[in-house]
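Residue numbering for the sequence shown follows UniProt numbering, starting at 1 and increasing by one per position. Note that CB positions come from ideal geometry on N, CA and C, so glycine has one too. Encoded as structure tokens, the structure appears first; notes follow it.
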Amino acid sequence: MADLKVGDRIVSIDSEIKVASVKKIKYDHRVYNFRVENSHNYFVSADGKNFYLVHN
């Protein structure tokens, strides 16, 4: 999150959105940190419907 800032653009499978605000929130759920070999890019989704391109 340190690199995410207002005005950045987030790419989904079929659109692009502009970051309007950034804030830290308490999140008591398990998260995973992993690395994708070669391209380091992959799509993620919290709901199985909206997917966003990320880079590790």
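In the DSSP secondary-structure assignment, SER39 is not bridged to any residue.
When rounded, the separation of the alpha-carbon atoms in ASN56 and LYS24 is 20 Å.
Excluding its 5 nearest sequence neighbours in each direction, VAL36 has C-beta neighbours in its own chain below 8 Å: TYR42 and ASN56, listed in chain order.
Taking VAL54 as reference, the option from ASP28, VAL6, SER12 and GLY7 with the minimal CA-CA separation is SER12. Spatial neighbours of LYS5 in its own chain (CB-CB distance under 8 Å, excluding positions within 5 residues in sequence) are listed in chain order as VAL19 and VAL22.
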